[in-house]
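Report on the following structure.
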Amino acid sequence: MAGAEIHDALDVLIRLLMDEEAVEEVVILEHLPARLLEVLAELGVVTRKDETKWRCTVLLYPVVGVYVVSDRTRFIGEKFPDDVVYAAITGNTGRFLSIQPQDPGEDFLDLCCGSGVAALLAASRGAKRAWAADLGQRSVHFSDFNGRLNGLDQVIAVQGDLFEAVGEQTFDVIVAHPPYIPDGANKLLFRDGGEDGEQIFRRIVQGLPQYLKPGGRFYCVTTATDRENESLQDRVRGWLGEKGDDFDVFLVATEVGKRPATVLEAVVKAKGKLGKLGDRSELYERLKVTALFYGTVVIERVAKPRAVATARTLKAEKAAGEAVEWFRNWEKAAAQPSLSAALQRSRPKLAREMQLHVVHKPGESGLEPSEFTLKAKYPFVFTAVAEPWLAVLIGMCNGQMTTGQIYEQLLAQDVVEASLTFEDLCQVVRLLISNGFLELEQFPLPRREALVEALV
């Protein structure tokens, strides 16, 4: 609406609260009662820009069915607040909200809550108590205000250093979108993640054995690192300590793991200089960082004794929470000793968005198939060079034959060596399902159509 004429009270409020533009006082008073302007000023929602104009100190906007108030996004000519409450309409926040579970449980905790938008969403979905916790006092005030604004009495805004804010309370679901920028000279509460950028994320994971209920889940969008001889998933499991065997650990990357040097080179190309990131290059070298991870980390506490899962994948850019939940549920099932028995009766079929690329080369009888490459496009992204027998296996997965029948056919046709056991084949099928090449009727992969329907 920016630049459009103001015709009524709604136009005034949109111009002030959503467009972040200053409005002439005479125009405001043409459409709003003078007392309302006074109240907004007393609350600190509006302030004078100059003698004739008023502007808002905050931004108001709708997000996932709730209204959110946060700091403005424009600070032209003004000092950027150290404790700024960032708007919940950025791409990163959108990705964070997209992985929030539909069932938030009875007790829900939004750590590093900022505006409290995740707690608002959980309360709107039925959480009996939705805690919004943050170290910054302004974030707590915004979260409390936003709960009241939406009439969500279940929102409980508390201030403190991570779990210290909630005492001994335990939770069904914990979510976090913590700061993950390695610290420097300019420390800002909303982005400072400690020396290596992982300090807050690491402390949250270390607290899960105490604060996550049996059967509870933790969802986090963050950036972290693989280190020399230690993957991120192994590092995360180590942070859980002696209770680590009670938890599943799932990593769903949004971007391909990149070497630190590649990231820094991209910055130089975009900005023409490395600037303060030169220090970060030295940091990554000292920490022996081999790749950067950006995406979702899900940690689930087992409700009763069972084999736990550790798994990692790369999802398509547009795939959202459905892909994360599918991966979590499938990998839990696939980690159980009963997998082979279950697959023996199952009828795997080709995933809709898998591809098998075949390169033919001249041979004794003309062009002969020589190279096979499997590609998955959605909801997961994966490319793998396949041996010829794997291409035959893929071709047999038509949804009609069971895995047991496929195994018998492979042996009968001498496609595989007799030394290949059925358990070996099950592990191959498991990987093909995990990476989006095959699917089972009881574990259908998320469709692009479902994403479109959700957006509509």
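Numbering-wise, full-length UniProt numbering puts 99 at position 99 of the sequence shown, and it's gapless, one number per residue.
Just so you know, even glycine gets a beta-carbon here, dropped at the ideal spot from N, CA and C.
Owing to the predicted nature of the structure, the values given are computational and were not obtained by experimental measurement.
6 angstroms Cβ shell around residue i - same chain, five flanking residues per side excluded
i	result
Pro-214	Arg-301 and Ala-303
Ala-384	Leu-374
Phe-163	Gly-207 and Tyr-211
Ser-340	Glu-423 and Cys-426
Ala-323	Lys-315, Pro-379 and Pro-446
Val-416	Trp-389 and Leu-410
Lys-377	Glu-353
Arg-55	Ala-22 and Lys-49
Ala-270	Only weak support is given to the placement of Ala-270: the predicted model assigns it a pLDDT of 48, under 50, and the value that follows is read from those uncertain coordinates. Within the same chain, Ala-270 has no close Cβ partners at all.
Member of the options whose CA lies at the smallest distance from the CA of residue i
i	options	result
Met-401	Pro-446, Ala-333, Arg-347 and Thr-93	Arg-347
Arg-448	Leu-13, Gln-210, Ala-412 and Gly-321	Gly-321
Glu-230	Glu-255, Leu-287, Val-117 and Ser-281	Leu-287
Arg-413	Val-392, Asp-103, Ala-253 and Thr-421	According to the sequence provided, residue 413 is Gln. The question's Arg does not apply to it. Comparing Cα positions, the closest option is Val-392.
Gln-199	Asp-161, Ser-70, His-141 and Thr-170	Asp-161
Arg-217	Val-173, Thr-225, Thr-254 and Leu-232	Val-173
Ala-319	Cys-220, Glu-255, Asn-146 and Tyr-86	Glu-255
Gly-105	Leu-343, Gln-154, Leu-251 and Glu-228	Gln-154
Leu-232	Glu-242, Tyr-219 and Arg-202	Arg-202
Cys-112	Glu-441, Ala-165 and Glu-408	Ala-165
Ala-119	Gly-91, Gly-197, Phe-171 and Thr-73	Phe-171
residue 458	Arg-345, Thr-47, Ser-370 and Ala-418	The first residue shown for the chain is 1 and the last is 456, placing residue 458 beyond what the model contains.
Arg-227	Glu-285, Glu-242, Ala-253 and Tyr-219	Glu-285
Phe-108	Pro-369, Asn-92, Arg-125 and Arg-129	Arg-129
Ala-342	Glu-441, Arg-235, Asn-92 and Phe-145	Glu-441
Glu-317	Val-252, Val-289, Pro-362 and Ile-89	Val-252
Glu-387	Ser-370, Tyr-407 and Leu-43	Ser-370
Gly-197	Gly-363, Asp-234 and Val-289	Val-289
Thr-93	Ser-365, Arg-312, Thr-296 and Asn-150	Thr-296
residue 457	Asp-134, Arg-312 and Asn-150	Residue 457 lies beyond the residue range present for the chain, which begins at 1 and ends at 456; the question has no answer from this structure.
Continuous alpha helix (DSSP H) stretch holding residue i: start and end
i	result
Ala-118	117-124
Val-45	Unbroken run through Val-45: none, as it is neither H nor E.
Val-440	The question names Val, but residue 440 in the sequence shown is Leu. Segment: none, Leu-440 is in no alpha helix (DSSP H) and carries neither H nor E.
Ile-99	Unbroken run through Ile-99: none, as it is neither H nor E.
Phe-327	321-334
Val-429	422-434
Ala-412	403-412
Inter-residue CB distance, residue i and residue j (contact presumed, cutoff 8 angstroms)
i	j	result
Pro-179	Ile-204	At roughly 11 angstroms, the Cβ-Cβ gap does not stay under 8 angstroms, so Pro-179 and Ile-204 are not in contact.
Ala-127	Gly-116	No, Ala-127 and Gly-116 are not in contact; Cβ-Cβ is about 13 angstroms, not under 8 angstroms.
residue 486	Asn-435	The structure shown does not extend to residue 486, since the chain is modelled only from 1 to 456, so the question has no answer here.
Val-175	Asp-110	6 angstroms
Val-140	Ala-157	5 angstroms
Leu-367	His-360	4 angstroms
Thr-57	Val-46	7 angstroms
Thr-225	Leu-292	6 angstroms
Val-298	Tyr-219	6 angstroms
Close-in-space but distant-in-sequence residues of the same chain around residue i (CB under 8 angstroms, 5 per side omitted)
i	result
Leu-438	Pro-348, Lys-349, Leu-350, Ala-351, Met-354, Ile-394, Cys-397, Val-429 and Leu-432
Thr-52	Glu-24, Glu-25 and Val-26
Gln-137	Asp-83 and Gln-159
Arg-237	Gly-244, Phe-247, Val-249 and Thr-310
Phe-443	Trp-326, Asn-329, Trp-330, Ala-333 and Ile-433
Met-18	Met-1, Leu-59, Leu-60 and Tyr-61
Val-12	Ile-6, Val-23, Val-27, Ile-28, His-31 and Leu-32
Thr-73	Glu-20, Leu-59 and Ala-87
Pro-362	Glu-368
Cβ neighbours of residue i in the same chain (closer than 7 angstroms, five flanking residues each side left out)
i	result
Arg-15	Met-1, Ile-6, Glu-21 and Val-23
Leu-240	Val-205, Leu-208, Pro-209 and Phe-247
Leu-121	Val-64, Val-66, Leu-97 and Gln-100
Lys-187	For Lys-187, the predicted structure reports a pLDDT of 46, less than 50, and the residue's modelled location is therefore unreliable. A value from the coordinates is still provided. So no residue of the chain qualifies.
Arg-306	Gln-336
Ala-9	His-31 and Leu-32
Glu-168	none
Phe-142	Val-69, Ser-70, Val-85, Ser-115 and Gly-116
Arg-95	Val-221 and Thr-254
Phe-145	Val-69
Ala-418	Leu-411
Ile-89	Tyr-61 and Val-63
Delimiting residues of the beta strand (DSSP E) encompassing residue i
i	result
Ser-70	66-71
Glu-300	289-301
Gly-216	212-227
Asp-82	Element bounds for Asp-82: n/a, residue is neither H nor E.
Arg-306	Segment: none, Arg-306 is in no beta strand (DSSP E) and carries neither H nor E.
* **Runs of beta strand (DSSP E) lying entirely within the segment 345-390, each at least 3 residues, in chain order** => If we require 3 residues or more, the beta strand (DSSP E) runs fully inside the segment 345-390 come out as 354-363, 366-376 and 382-386.
* Asked: For the segment 12-62, which segments carrying the beta strand (DSSP E) assignment without a break, of at least 3 residues, lie completely within its bounds, in sequence order?
  -> As far as the segment 12-62 is concerned, its whole beta strand (DSSP E) runs of at least 3 residues are 46-48 and 53-56.
* Asked: In chain order, which continuous runs of the alpha helix (DSSP H) of length 4 or greater are located wholly inside the segment 122-174?
  -> 137-149
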